[in-house]
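This report concerns only the one structure given below.
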Amino acid sequence: MKQVLQHVKDVLEQSFDNPNQHDLDHCLRELERAKQDAGDKRQMIEDVIRAVMHARNAQDELAQAGDESATNAFAEAYRALDQAIESYADHR
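When we follow this note's numbering, the leftmost residue of the sequence shown carries the number -19, and every step to the right adds one.
Shown next as structure tokens:
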């Protein structure tokens, strides 16, 4: 699960830098599949999916105008992914 989340985070970062060159739809499909095995973290993954959807929907705005709300959507998705990754970290 952590690998899926990290991959989505990497693609999200690339998409923020080059919104016209990256498709977040495949990331959403990966997250949907991962959600099935999320167990007690299912709600967290659903929240990540929602945040990545907002970022995907903001890609055009970001590409055309660098709109602040589009930037905020990406920041929200980034934070959600960061928190989800941290929840899977091995704390010893």
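Cβ coordinates follow ideal geometry from the N, Cα and C atoms, glycine included.
Please state if the CB of residue j and the CB of residue i are separated by a distance shorter than 9 Å.
i	j	result
His34	Ala18	no
Val32	Ala57	yes
Val(-12)	Leu11	yes
Ile25	Leu8	no
Ala14	Leu(-15)	yes
Does the Cβ of residue i have 16 or more other Cβ atoms within 10 Å, making it buried, or fewer, making it exposed?
i	result
Ser49	exposed
Ala45	exposed
Ala64	buried
Using three-state DSSP, classify residue i as helix, strand or coil.
i	result
Leu(-8)	helix
Asn52	helix
Gln1	coil
Met33	helix
#### Entry: Segment contact flag, the stretch 1 to 11 with the stretch 35 to 42, C-beta cutoff 8 Å, min 3 pairs
yes
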